[in-house]
Amino acid sequence: MFGQMRQLAQAAVVAAGRLSPPALGTPASLLASKHLPRGPALGTPGLASSAVWASVRGQRGVAEAAARLGGARGYCSAPRVAPRQGPVGWVSLALTCATGGGLLYYYERERSRRLESISGKTGPSVGKAAIGGDFTLQNANQDGKKFSTTELHGKYALIYFGFTMCPDICPDEMEKMAECVDLVAKGGGEVVPVFVTIDPERDTVQRVKEYVKEFHPKMVGLTGSVEACKDAARKYRVYHHRTGAEGDPDYLVDHSIIMYLVDKGGEFITFYGKNLEAKQMADAILEEMKRLGH
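Going by the numbering used here, the residue at position 154 of the sequence shown is 154; the numbering climbs one at a time, nothing skipped.
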């Protein structure tokens, strides 16, 4: 009887081309058995008849009959071998790491390329189109007198956007900017430090005036209306976002930490991030001055 059932199973698998779904409850070893011949493509004539399928259905399926006769192992007489998942897991991990590394490399390369483009090193027209431009605010040093950055033309300027109630980052950056300005002067150059508030609702003329004089006597402090300050920040692509609960007077402002170098014509040259020290910035500024010939 076992031989008859085996022949019956072979005929059914061949006729189906191994594409028909197994009967409910079919052991996985039934379709994986190396003892079952691999049949031709579905639709090959002359290999099975409808009578075969009727017999299979009449005995409630090949798999169930095999389970009754052969036990849990079905038609496969070879012992089951557990799948070797270890090496596949390591290969998958290696591929994932390689793919992630490639994406990270591509991101960093594109980021560096874009920053270089923005910095204006590829030409004044690229720098001008990407970032910078003149704006008009109130000069806190002159008790709120209207001030246009065109008044800085003829001089190099180093511009920083921040707010006076910044607890730590802004004071550190302002001190660094003041030190950088002095180092540039020692190197034979001159650059005007400029502070522009991104929190005009609290940074009044008087508040900004008192703030900037704590860092450098030549520092220009600028404030103005909310819209005017936003316009200045937009021109230099400054990120800033107010945080804290609505109505909280002690809110903070998240913002980008960058200093922008502007040439004597008011054109943006390049920028310096938080990672640079004052000496590094001063050396870089003097190099830019030398490159531009003045």
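From the three backbone atoms N, C-alpha and C, an ideal C-beta is built for every residue, glycine too.
The beta carbons of F195 and M174 sit closer together than 8 Å.
With respect to the 8 Å criterion, F271 and I258 are classified as neighbours on the basis of their beta carbons. For K145, no alpha helix (DSSP H) segment is defined; the enclosing uninterrupted segment is the beta strand (DSSP E) at K145 to S148. Contact between the segment 221-228 and the segment 132-142 is present: three or more C-beta pairs spanning the two stretches fall below 8 Å. In the structure shown, Y211 adopts helical secondary structure according to DSSP, grouped into three states.
Rounded to whole angstroms, the separation of the alpha carbons of A233 and H241 is 12 Å. For V191, the secondary structure class from DSSP, reduced to helix, strand or coil, is strand. For L292, no beta strand (DSSP E) encloses it; the enclosing alpha helix (DSSP H) starts and ends at A278 to L292. Between F135 and H255, the gap from beta carbon to beta carbon reaches 8 Å or more. Membership of L183 in any beta strand (DSSP E) is not indicated; the residue belongs instead to the alpha helix (DSSP H) covering I169 to K186.
Secondary structure note for R234: its alpha helix (DSSP H) is the uninterrupted segment V226 to K235. The beta carbon of A278 sits closer than 7 Å to those of K176, E179, C180 and L183, all from its chain and outside the five residues before and after it, given in chain order.
Around the beta carbon of G265, fewer than 16 other beta carbons lie within 10 angstroms, which makes this residue exposed. Here G101 carries a helix assignment [DSSP, helix/strand/coil]. Separation of I131 and Y260 (C-alpha to C-alpha, rounded to the nearest whole angstrom) is 10 Å. One thing to note: L158 has its Cβ within 8 Å of the Cβ of V191. In this structure A282 touches G187 by the C-beta definition: roughly 6 Å separates them, less than 8 Å. Contact check for T204 against C229 fails: the beta carbons are separated by 8 Å or more. Distance check between P167 and each of G293, Q280 and L252 places L252 closest, using alpha-carbon atoms only.
Annotation: P171 to V208 spans about 13 Å, alpha carbon to alpha carbon.
CA-CA distance, Q206 to T149, rounds to 20 Å. The closest CA to that of I169, considering only L93, E227, R291 and N275, is found on N275. Of the other Cβ atoms in all chains shown, fewer than 16 fall within 10 Å of the Cβ of Y239; this residue is therefore exposed. Of the residues S225, T99 and G133, the one whose Cα lies closest to the Cα of R237 is G133.
Pairing G189 with L286 gives a Cβ-Cβ distance under 8 Å.
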